[in-house]
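J.: Chains as they are written, first to last, in full-length UniProt numbering: chain P, 1 to 334; chain C, 1 to 284. Ideal Cβ positions, reconstructed from N, Cα and C, are used throughout, including at glycine.
(1) Could you tell me which whole alpha helix (DSSP H) segments of length 4 or greater appear in the region 15-40 of chain P?
(2) Look up residue 125 of chain P in the DSSP assignment and say whether it is helix, strand or coil.
(3) Since residue 99 of chain P is in the beta strand (DSSP E), which residue starts that stretch and which ends it?
(4) Since residue 77 of chain C and residue 44 of chain C are thought to touch, with beta carbons under 8 Å apart, how far apart are those beta carbons, to the nearest angstrom?
(5) From residue 15 of chain C to residue 177 of chain P, what distance separates their C-alpha atoms?
(6) Along the chain, which unbroken stretches of the alpha helix (DSSP H) at least 4 residues long are found entirely within the region 213-249 of chain C?
(7) Could you tell me which chain P residues have their CB closer than 8 Å to the CB of residue 161 of chain C, listed as they occur along the chain?
(8) Check whether the Cβ of residue 87 of chain P lies closer than 8 Å to any Cβ atom in chain C.
(9) What residues from the region 112-139 of chain P come within 7 Å of chain C, judged by C-beta to C-beta, listed N to C?
(10) Note down, in chain order, every chain C residue with its Cβ under 8 Å from the Cβ of residue 54 of chain P.
(11) If you follow the beta strand (DSSP E) that residue 157 of chain P is in, where does it begin and where does it stop?
(12) Taking 6 Å as the limit between beta carbons, can you name the residues of its chain near residue 144 of chain P, skipping five residues before and five after?
(13) Taking 6 Å as the limit between beta carbons, can you name the residues of its chain near residue 284 of chain C, skipping five residues before and five after?
(14) Quick one: using the 10 Å Cβ neighbour count with 16 as the cut-off for buried, is residue 123 of chain P buried or exposed?
(15) For the pair the region 37-52 of chain P and the region 177-192 of chain P, tell me if three or more CB-CB distances fall below 8 Å.
(16) Indicate the three-state DSSP secondary structure (helix, strand or coil) for residue 294 of chain P in the structure shown.
(17) In three-state DSSP terms, what is residue 175 of chain C?
(18) Which residues of the region 107-134 of chain C have a Cβ closer than 7 Å to any Cβ of chain P? Give them in chain order.
(19) Quick one: does residue 73 of chain C have its CB under 8 Å from some CB of chain P?
(20) Below 6 Å CB to CB, which residues in the same chain sit around residue 19 of chain P once its five sequence neighbours on both sides are set aside?
(21) Indicate whether residue 267 of chain C and residue 236 of chain C have their beta-carbon atoms separated by less than 8 Å.
(22) Should the region 69-84 of chain C be regarded as contacting the region 100-112 of chain C, the criterion being three or more beta carbon pairs within less than 8 Å?
(23) Got a sec? Which residues, its chain only, sit under 6 Å from residue 120 of chain C by beta carbon, not counting five neighbours each side?
(24) Is there contact between the region 83-91 of chain P and the region 123-135 of chain C, where contact requires at least three CB pairs shorter than 8 Å?
(25) Cα-Cα, which of P:121, P:164 and P:149 is closest to residue 28 of chain P?
(26) Can you list the residues of chain C that residue 48 of chain P reaches, using a CB-CB cut of under 7 Å?
(27) Can you find at least 3 beta carbon pairs, one from the region 306-325 of chain P and one from the region 190-200 of chain P, that sit closer than 8 Å?
(28) Return the chain-ordered list of same chain residues with a C-beta closer than 7 Å to the C-beta of residue 25 of chain P, the five sequence neighbours on each side being excluded.
(29) Ordered along the chain, which non-local residues of its own chain (more than five positions away) have a Cβ less than 6 Å from that of residue 129 of chain P?
(30) Give every residue of the same chain whose Cβ lies closer than 8 Å to the Cβ of residue 193 of chain P, excluding the five residues on either side of it in the sequence, and list them in chain order.
(31) Please list, in chain order, all residues of the same chain as residue 225 of chain P whose beta carbon is under 6 Å from its beta carbon, the five residues on each side excluded.
(32) Do residue 95 of chain P and residue 36 of chain P have their C-beta atoms within less than 8 Å of each other?
(33) Leaving out five residues on either side along the sequence, give the residues of the same chain with a beta carbon under 8 Å from the beta carbon of residue 167 of chain C.
(34) Identify the contact partners of residue 71 of chain P in chain C, using a Cβ-Cβ distance below 7 Å as the criterion.
(35) Output yes if chain P places a C-beta closer than 8 Å to the C-beta of residue 276 of chain C; else output no.
(36) Would you say the beta carbon of residue 155 of chain C comes nearer than 7 Å to a heavy atom of the ligand NAP?
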């Protein structure tokens, strides 16, 4: 790992609004904000609510388009989630934004008791999921999915890119009940338009086939997996990628079918702690369905408080950059 | 709606019946937060006997005033008020706290007609009330949102997040009712986490504040009327000083904490004592 990092110039922690896109990567600006503005034109019950992070979650576009439907709740996440529940009780459809760390860790009981217990129609769209900022554990939501998976009836999605995000917005709005979406904001990579792919709530999709490795992934790790697949093609290693943007309810059927299709090393790649996220969900699914892969590895974030620093450095350090993930997969294949 | 004092005899009867229903539910289970129920009965009587707009046959009527029971453990008191309001039938009190009952020990929204929220995780009512009040105003629905809460909930930071927000948004359709009985789980509130000077605090947070004796029906009635009639674009709070066990002297004077001990033989005795002081015409 260190050799990869050593080749790069000295990097520093980027600004909070920095994009996760690599240099030269195709991006879409604010796909969530734009999709919400478009949807809200025909859905007058949609309201936007934030806890002092409208600008940092692309909700400012909604605020500009529909100022009378935008509610600034201040830097008060318990209030944000409680009041969003109140709004939903009055028949409105709140899209709620903050950072994932604050939305989940600070407001958990409000999501659990106010929103989820009554199955209220609140859509929580929370930015900086997993390791998408170098600001350290205060801002790195590395266990958000583990926390949220424990809440009965909550739908959880982890989109990969701009296309996933913009297609998810109308679908989570149409879904009756609470949704937690890991939000990619700002300049968001555009990747999935190269594939025959559409976001479907609750469905995993095979993006490409390959004989040696099956990567099961969500969020930005699907983007990484696709990059790794292209890289390993040069070494004649075939990598299949099954994208699971819906974490809960998990598309167990697609996972069981993909793993059972042929004996391959299965690697679950997620921008999340290896505790309680997609990896453990997939492992449990396979055991319960008595499906035995040729090998099984977790490419998630370690069960640690992560370092602060530049994102490329940290992605290398924790094994979720393209190059380091490729090396790890090759090691696992040996 | 009249607001004159000539309603007081009827409201006294209403409060008496609420106390009786609560005691009967306590007897069913041999337990319950009966001290709080007896202390809060006068406020509930004015709420359901006078102030609130509601339709007993249609508890989800869009035009209803919303009454949020943030302190879910006051369910025994609230069910008594719902019986008084004819939203749930009197016979149902026999099921209080039993398996498959619509009347669980702690109030839950999906169980009971007329219950607006699942309280109990304290400090959640006021944030929800802020959202409902914003939503009602957005829909141009003139209903009020009442948040009924305990003084212990003043310890929770979320209460003050919501208090700031309600004032910031000028929520004149929000009325917060605080039961100040000065008892929390670990003892008197002043020893757990002091909250005085409470009226000053709410006023500094931008609320219209009244502090009254919550067991003085005339004062309670006047406070509700004032809170509703104000034209200021401010949320309103009424701080009610109450006496746990009110109406049953041997409970009023019993060693107080969050939970008043009542022996099995004492439920009937409490009903008898209560009835001795019953206002004319109050038989349930």
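T.: In terms of the structure at hand:
(1) Counting only runs that start and end inside the region 15-40 of chain P, the alpha helix (DSSP H) elements of at least 4 residues fall at 31-40.
(2) Residue mapping note: residue 125 of chain P aligns to position 125 of the first chain, counting from 1. If DSSP states are grouped into helix, strand and coil, residue 125 of chain P belongs with the strands.
(3) For the purposes of this step, residue 99 of chain P is taken as the residue at position 99 of the first chain. Residue 99 of chain P: member of the beta strand (DSSP E) spanning 93-99, first to last residue.
(4) Taking the first residue of the second chain as 1, we reach residue 77 of chain C at position 77. Taking the first residue of the second chain as 1, we reach residue 44 of chain C at position 44. Cβ atoms of residue 77 of chain C and residue 44 of chain C come within 8 Å of each other, at about 6 Å.
(5) Locating residue 15 of chain C in the second chain gives position 15, where the first residue counts as 1. Locating residue 177 of chain P in the first chain gives position 177, where the first residue counts as 1. Those two C-alpha atoms are separated by around 39 Å.
(6) The qualifying runs are 217-229.
(7) Here residue 161 of chain C is taken as the residue at index 161 of the second chain, counted from 1. Close to residue 161 of chain C, with beta-carbon spacing below 8 Å, are these residues of chain P in chain order: 74, 76, 78 and 79.
(8) If you number the first chain from 1, residue 87 of chain P lands on position 87. Yes, residue 87 of chain P lies at the interface with chain C (some Cβ there is under 8 Å from its Cβ).
(9) Those residues of the region 112-139 of chain P that come within reach of chain C (Cβ to Cβ, closer than 7 Å) are 113, 114, 117 and 118.
(10) Taking the first chain and counting its residues from 1, one reaches residue 54 of chain P at position 54. Going along chain C, no residue has its Cβ under 8 Å from residue 54 of chain P, so there is no contact; the nearest lies around 15 Å.
(11) Locating residue 157 of chain P in the first chain gives position 157, where the first residue counts as 1. 155-157 is the span of the beta strand (DSSP E), which, as asked, contains residue 157 of chain P.
(12) Reading the first chain from its first residue, position 144 is the one you call residue 144 of chain P. Apart from the 5 residues on each side of it in sequence, residue 144 of chain P sits with its Cβ closer than 6 Å to the Cβ of 100 and 104 in its chain, given in chain order.
(13) Taking the first residue of the second chain as 1, we reach residue 284 of chain C at position 284. Because the pLDDT at residue 284 of chain C is just 48, under 50, the model does not fix this residue reliably, and the point stays unresolved.
(14) Within the first chain, numbered from 1, the residue matching residue 123 of chain P stands at position 123. So residue 123 of chain P ends up on the buried side.
(15) Output reads no: the region 177-192 of chain P does not touch the region 37-52 of chain P.
(16) If you number the first chain from 1, residue 294 of chain P lands on position 294. Judged by DSSP in its simplified three-state form, residue 294 of chain P adopts coil rather than helix or strand.
(17) Numbered from 1 along the second chain, position 175 holds the residue referred to as residue 175 of chain C. The DSSP-derived three-state label of residue 175 of chain C is strand.
(18) Taking 7 Å as the Cβ-Cβ cut-off against chain P, the residues of the region 107-134 of chain C that qualify are 109, 110, 118, 121, 124, 127, 128, 129, 130, 131, 132 and 134.
(19) Sequence index remark: in the second chain, residue 73 of chain C carries index 73 (1-based). With its beta carbon at least 8 Å from every one in chain P, residue 73 of chain C lies outside the interface.
(20) Residue 19 of chain P sits at position 19 when you count from the first residue of the first chain. For residue 19 of chain P, where only same-chain residues beyond five positions count, the Cβ hits under 6 Å are 186 and 187.
(21) As a position in the second chain, residue 267 of chain C is number 267, starting the count at 1. As a position in the second chain, residue 236 of chain C is number 236, starting the count at 1. Here residue 267 of chain C is not near residue 236 of chain C, since their CB atoms are 8 Å or more apart.
(22) Verdict: yes, contact present.
(23) As a working mapping, residue 120 of chain C is identified with position 120 in the second chain. Taken in chain order, the residues that qualify are 72 and 106.
(24) The region 83-91 of chain P makes contact with the region 123-135 of chain C: 3 or more CB pairs, one atom from each, lie closer than 8 Å.
(25) Here residue 28 of chain P is taken as the residue at index 28 of the first chain, counted from 1. The residue with the shortest Cα to Cα distance from residue 28 of chain P is P:164.
(26) As a working note, residue 48 of chain P is residue 48 in the first chain. For the C-beta of residue 48 of chain P, not a single chain C residue is nearer than 7 Å; the gap to the nearest is close to 12 Å.
(27) Not touching, per the Cβ criterion.
(28) Walking along the first chain from the start, residue 25 of chain P turns up at place 25. Once the five neighbours on either side are set aside, the close Cβ partners of residue 25 of chain P are 189.
(29) Residue numbering aside, residue 129 of chain P sits at position 129 when the first chain is read from its first letter. Only 100, 141 and 182 meet the Cβ criterion.
(30) The count along the first chain starts at 1 and reaches residue 193 of chain P at position 193. Contacts found: 163.
(31) The residue given as residue 225 of chain P occupies position 225 in the first chain. Same-chain partners within the cutoff: 215, 217, 241 and 269.
(32) Taking the first residue of the first chain as position 1, residue 95 of chain P is located at position 95. Taking the first residue of the first chain as position 1, residue 36 of chain P is located at position 36. Contact: yes.
(33) On the second chain, position 167 is the one that residue 167 of chain C refers to. Within the same chain, Cβ atoms closer than 8 Å to the Cβ of residue 167 of chain C are found at 205, 206, 207, 234 and 235, the five residues on either side in sequence being excluded.
(34) The residue given as residue 71 of chain P occupies position 71 in the first chain. Per Cβ cutoff of 7 Å: 134.
(35) Locating residue 276 of chain C in the second chain gives position 276, where the first residue counts as 1. Chain P contact via Cβ: absent.
(36) Ligands in the displayed structure: none, and consequently the ligand NAP is not present.
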